[in-house]
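Asker: In my numbering, the protein residues as written are 1307 to 1585.
Mind looking over this structure? Questions follow.
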């Protein structure tokens, strides 16, 4: 059978988007593995299904390149908002999207009749170890020393719908992320694996980040990861709450504002192309 799709990206974090508002796609886990392959498939960090919701304007299901389903994806949800508006499925500039980590609110910014960027209310940052989850003692894991693959690191753990481990570095470009990333992802202290952000604080309003995502490897950007990095920078005293923090990623910039009530993420959403693939 033939399947229509749209390739979209947020800061280079590219996914294959399928409109499932009228029909269901079977075996999305296997489909994500096949289509995400950059040599024998379409190529992407995973597969996103845009589905009907009984409690929001739409529902997002996201599958990583290894077929595992993610609870939340900040870059993908911005593109879902753009897809719904640009294709005339909705004319609302404020949307709600159902995810496995709850309902998220989106504010769309329109230029020339198309969505150019989106601000997402990502919800409250979670620090409780059992909610991340991370198998460490304490009410919050902030700048705590751990041993990963016989090396010592100081980590900050936070959940933004997905589990994140933030590591501060002097130079993120020097990190051997292909070696270190899997060591963190599969460390025994993370029973559900983990996304790891290696970040450098440039100033009180700017941080630079590389990310290793569970199930996908290093990606050009990670929306929930950028939120986690900004939250960690505030909690470790490098940046301030309520102020806008620019997160520099390999694929572009995201802007994060961490408050007592929630975390706001603002960034671009872009369409690459549409197509039809045989499955």
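All residues carry an ideal CB built from backbone N, CA and C; glycine is no exception.
1. Who does residue 1494 pair with in a DSSP beta bridge?
2. Could you check the C-alpha separation between residue 1348 and residue 1373 for me, to the nearest Å?
3. Is it the case that the Cβ atoms of residue 1407 and residue 1378 are separated by a distance below 7 Å?
4. Under 7 Å, do residue 1452 and residue 1462 count as touching if we go by C-beta distance?
5. Could you pull the DSSP bridge partners for residue 1465 from this structure?
6. For residue 1405, which residues does DSSP report across the bridge?
7. In this structure, what does DSSP give as the bridge partners for residue 1517?
8. Note down the Cα distance separating residue 1414 from residue 1517, rounded to an integer number of angstroms.
9. Spatial neighbours of residue 1331 within its chain, please: C-beta separation below 8 Å, excluding the five flanking residues on both sides.
10. Residue 1497 to residue 1438, Cα distance in whole Å?
11. Using alpha carbons as the reference points, say which of 1499, 1416, 1547, 1353 lies closest to residue 1465.
12. To the nearest angstrom, how far is the alpha carbon of residue 1440 from that of residue 1359?
13. Tell me whether residue 1337 sits in a helix, a strand or coil according to DSSP, three-state version.
14. Where residue 1575 and residue 1449 are concerned, what is the direct C-alpha to C-alpha distance, given to the nearest angstrom?
15. Per DSSP, which one or two residues make a beta bridge with residue 1570?
16. Around the Cβ of residue 1264, are there at least 16 other Cβ atoms within 10 angstroms (buried) or fewer (exposed)?
17. If I'm right that residue 1528 touches residue 1536 with Cβ under 8 Å, what's the distance once you round it to whole angstroms?
18. Do the CB positions of residue 1426 and residue 1571 come within less than 7 Å of each other?
19. Strictly by DSSP, which residues pair up with residue 1452?
20. Between residue 1460 and the rest of its own chain, which residues show a CB-CB distance below 6 Å, the 5 nearest in sequence each way excluded?
21. Can you give me the Cβ contacts of residue 1444 inside the same chain, cut-off strictly under 8 Å, excluding the 5 residues immediately before and after it?
22. Could you spell out the range, first to last residue, of the beta strand (DSSP E) harbouring residue 1326?
23. By the 10 Å Cβ neighbour count, where 16 or more other Cβ atoms means buried, how is residue 1361 classified, buried or exposed?
Answerer: Concretely, from the data shown:
1. Looking at the DSSP assignment, residue 1494 forms no beta bridge with any residue, so it has no partner.
2. Approximately 15 Å between the Cα atoms of the pair.
3. Cβ distance < 7 Å, so residue 1407 and residue 1378 count as in contact.
4. Using a Cβ distance threshold of 7 Å, residue 1452 and residue 1462 do not count as a contacting pair.
5. Partner(s): 1432, 1469.
6. Answer is 1408, bridged to residue 1405.
7. DSSP lists 1503, 1525 as the bridge partner or partners of residue 1517.
8. Spanning the alpha carbons of residue 1414 and residue 1517 requires a straight line of approximately 26 Å.
9. Cβ contact annotation for residue 1331 (same chain, cutoff 8 Å, sequence separation greater than five): 1309, 1324, 1337, 1355, in chain order.
10. Cα to Cα, the separation comes out at about 10 Å.
11. Out of 1499, 1416, 1547, 1353, 1499 has the C-alpha closest to the C-alpha of residue 1465.
12. If I take the Cα positions, the gap works out to 31 Å.
13. DSSP places residue 1337 in helix when its eight states are reduced to three.
14. Whole-angstrom Cα-Cα distance: 33 Å.
15. The partner list for residue 1570 (beta bridge, DSSP) reads 1427, 1563.
16. Residue numbering for the chain in the displayed model covers 1307 to 1585; residue 1264 lies beyond these limits and cannot be assessed.
17. Residue 1528 to residue 1536, Cβ: 12 Å. No contact.
18. With respect to residue 1571, residue 1426 sits close: the two C-beta atoms are nearer than 7 Å.
19. For residue 1452, which the question treats as bridged, DSSP gives the partners 1459.
20. In the same chain as residue 1460, and ignoring 5 residues on each side of it, the C-beta atoms closer than 6 Å to its own belong to 1449, 1451, in chain order.
21. Excluding its 5 nearest sequence neighbours in each direction, residue 1444 has C-beta neighbours in its own chain below 8 Å: 1435, 1450, listed in chain order.
22. 1319–1326 is the span of the beta strand (DSSP E), which, as asked, contains residue 1326.
23. Around the beta-carbon of residue 1361, fewer than 16 other beta-carbon atoms lie within 10 Å, marking it exposed.
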